[in-house]
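In numbering that gives the first Met the number 0, the protein residues as written are 0 to 268. A virtual CB, placed ideally from N, CA and C, is assigned to each residue, including glycine. Computed from a predicted structure; not experimentally measured. Take a look at the structure below.
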Amino acid sequence: MTERPIRVRGARAHNLQGLDVDLPRHALVAITGVSGSGKSSFAFDTVFREGERRYLATLSAPARRLLAKLARPEVDALHGLGAAVAVGQQGPGPNPRSTVGTATGLWDLLRLLFARLGTPKTHRGLFSFNDPEGQCPTCRGLGVVDKVDPALIVHDPQRTLRGGALVPTLKNGYTVYSQVTVDVMNQVCQAHGFDVDTPWQDLTDEQRDVVMYGSQRLVVPYGKHSLESRMKWSGITARPREEGYYRGLVPVIEETLTRNRNDNVLRFV
């Protein structure tokens with residue numbers, strides 16, 4: 000049974016005028032003609048462009064982004080066309096890290112192949128707790144994990160948040176590690192049915208968790224200040240630096256511990 004040819008009908012790219020051609024499959028076909036007769040318009044701007052467009056549509060997302068640059072060729076119909084490859088001297092882009100593998104997604108498959116079938120070579124750094132490659136990702140080679148105890152943050156449960164119920168609360172009502180002013184803290188509390196003037200012992204467990212572990216109920220302004228600047232903060236209307244959800248005391252203290260295990264934060268561990 001004879002295989003159906005590649006059928007091109009009504010090709011009109013550039014100087015082509017409704018060209019109809021049947022190209023045999025699995026054969027070497029040469030397109031000849033005088034200069035300006037439309038050889039490149041037919042081979043590259045019609046047949047190859049449509050084959051390239053169809054092929055890229057089956058590839059990964061990075062490759063599919065190239066489709067925006069590939070317009071459909073000016074042709075009425077093109078049947079029986081498979082994947083097409085053209086050899087040219089024009090680069091795909093200015094990025095020196097872009098290759099055929101990265102553009103087509105083949106590089107991802109090769110990396111996965113080597114990652115699963117390859118045998119890694121060990122070195123002495125993998126057995127050292129002082130080496131980033133060898134240390135435990137949880138304790139980072141220290142052998143201990145610092146966990147903040149919320150009970151150690153509470154100073155006097157009979158007091159209010161504004162009045163110093165928590166250890167890191169200053170005289171002006173600002174609570175160190177909260178990263179928000181007392182007015183903003185009050186907005187967060189009110190979103191959960193209480194305020195900063197409610198005694199700590201009268202709060203529900205859920206309301207206490209809001210103070211300790213944060214809230215995602217509303218976006219508030221907060222400032223990322225150093226420990227020294229927070230200890231010297233005498234006002235309650237500091238200019239906010241960012242906006243986001245209130246993070247809570249415990250997450251901020253634990254984050255501080257990863258950077259600097261000083262006495263100010265170790266007292267809550």
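By the Cβ criterion, the stretch 5 to 12 is in contact with the stretch 33 to 46, since at least three pairs of Cβ atoms, one from each stretch, lie closer than 8 Å. With contacts defined by Cβ atoms closer than 8 Å, GLY162 and MET211 do not form a contacting pair. In this structure, the CA atom of THR103 is about 31 Å from the CA atom of VAL20. In the DSSP assignment, GLU241 falls within the beta strand (DSSP E) that extends over 241 to 244. Distance from the Cα of ARG123 is smallest, within the candidate group ARG115, GLN134, PRO198 and LEU116, for GLN134. A distance of 8 Å or more separates the beta carbons of PRO4 and GLY117.
Taken in chain order, the complete alpha helix (DSSP H) segments of 4 or more residues contained in the stretch 74 to 154 are 99 to 103, 105 to 116 and 149 to 152. Only exposed fits GLY142, as fewer than 16 other CB atoms lie within 10 angstroms of its CB.
When secondary structure is reduced to three states using DSSP, PRO61 falls in the helix class. Residue pairing from DSSP places VAL20 in a beta bridge opposite VAL7. PHE267 counts as buried, since at least 16 other C-beta atoms from the protein chains shown sit within 10 angstroms of its C-beta. Counting only residues of its own chain and dropping the five nearest sequence neighbours on each side, CYS138 has a CB closer than 6 Å to the CB of VAL144. The C-alpha of THR101 lies about 37 Å from the C-alpha of SER34. In the DSSP assignment, PRO250 falls within the alpha helix (DSSP H) that extends over 248 to 258. Pairing LEU202 with PHE193, the inter-Cα distance amounts to about 8 Å. Assignment of THR45 by DSSP, reduced to helix, strand and coil, places it in the helix class. Rounded to the nearest whole angstrom, the C-alpha separation of ARG158 and ASP196 is 8 Å. Around the beta carbon of ALA82, fewer than 16 other beta carbons lie within 10 angstroms, which makes this residue exposed.
In the displayed model, VAL33 falls within coil according to three-state DSSP, outside both helix and strand.
Going by DSSP, VAL210 is part of the alpha helix (DSSP H) stretching over 204 to 212. For VAL218, the uninterrupted beta strand (DSSP E) segment begins and ends at 218 to 221. The C-beta of GLY37 has 16 or more other C-beta atoms within 10 Å across all chains shown, which makes the residue buried.
Around ASP155, the same chain offers GLY163, ALA164 and TRP199 as residues with beta carbons nearer than 8 Å, after the five sequence neighbours per side are excluded. A distance below 7 Å between beta-carbons, with the five flanking residues on each side excluded, links TYR244 to the following residues of its chain, in chain order: GLY213, SER214, GLN215 and VAL218. For the pair SER40 and LEU15, the CB atoms are nearer than the 8 Å cut-off.
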